[in-house]
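In full-length UniProt numbering, the protein residues as written are 1 to 157.
Written out as structure tokens, the structure reads:
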């Protein structure tokens, strides 16, 4: 199973967390390019890793809110359930959470039969989420304004 290396994930996370939020779509595009992400067409980015679905989604709201979310998969997507797949996904998830915890502290955890999520609410208002949905692991960053809306609606934790 292919994964984004933990050290690379920390560098990616630092770059996005340290942006001067809110950020405009153009700033997000520049940040993505600085990470070496491939851009097959303007504003659409692909991770430079061999995961099976390397597309990056940069969500945008109204112009005054700028970029709302950034998300991508940290692992291959493995649809066929097996004890081996579940163990590999769990090991990858635990490794990512441990590495991020070293930098940003203990996350809030949310678990169900279908997934497990780790959330970090950072001092600048950004919320970071790493989710193990068993067929893949996702990295999601919520802008401060979008995180506030999600929290008010009960959508984060």
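The beta-carbon is built from N, C-alpha and C at its ideal position, and this holds for glycine as well. Only a predicted model underlies this, so the values are computations on that prediction, with no experimental measurement involved.
Check your understanding: Quick one, which of 14, 2, 4 and 8 has its alpha-carbon nearest residue 103's?
Key -> For the purposes of this step, residue 103 is identified with residue 103 of the chain shown, where counting begins at 1. Of the listed residues, the one whose Cα sits closest to residue 103 is 14.
Check your understanding: Excluding sequence positions up to five away, which residues of its chain have a Cβ less than 6 Å from the Cβ of residue 54?
Key -> Translated into the one-based positions of the chain shown, residue 54 becomes position 54. 46 and 47.
Check your understanding: Ordered along the chain, which non-local residues of its own chain (more than five positions away) have a Cβ less than 8 Å from that of residue 2?
Key -> Taking the chain shown and counting its residues from 1, one reaches residue 2 at position 2. Excluding sequence neighbours, residue 2 sits near 49, 50, 51, 52, 75 and 76.
Check your understanding: Out of curiosity, what's the CA-to-CA distance linking residue 56 and residue 115?
Key -> If you number the chain shown from 1, residue 56 lands on position 56. If you number the chain shown from 1, residue 115 lands on position 115. If I take the Cα positions, the gap works out to 21 Å.
Check your understanding: If you drop the 5 nearest sequence neighbours on each side, which residues of the same chain put their C-beta closer than 7 Å to that of residue 150?
Key -> For the purposes of this step, residue 150 is taken as residue 150 along the chain shown, with counting starting at 1. The residues are 142 and 156.
Review point. Can at least three beta-carbon pairs, one atom from the region 5-23 and one from the region 93-112, be found at a separation below 8 Å?
Key: yes
Practice item. Report yes if the CB atom of residue 70 is closer than 8 Å to the CB atom of residue 134, and no otherwise. Key: In the chain shown, residue 70 corresponds to position 70, counting from 1. In the chain shown, residue 134 corresponds to position 134, counting from 1. Not closer than 8 Å, so no.
Exercise for review: Work out the CA separation of residue 64 and residue 80 for me, nearest whole Å.
Suggested key: Here residue 80 refers to the residue found at position 80 of the chain shown. Here residue 64 refers to the residue found at position 64 of the chain shown. Distance between the alpha carbons of residue 80 and residue 64 is about 42 Å.
Review point. For residue 139, which residues does DSSP report across the bridge?
Key: In the chain shown, the residue the question calls residue 139 occupies position 139. According to DSSP, residue 139 bridges with 72 and 130.
Practice item. Would you list the residues sitting across from residue 58 in a DSSP beta bridge? Key: The count along the chain shown starts at 1 and reaches residue 58 at position 58. DSSP lists 70 as partners of residue 58.
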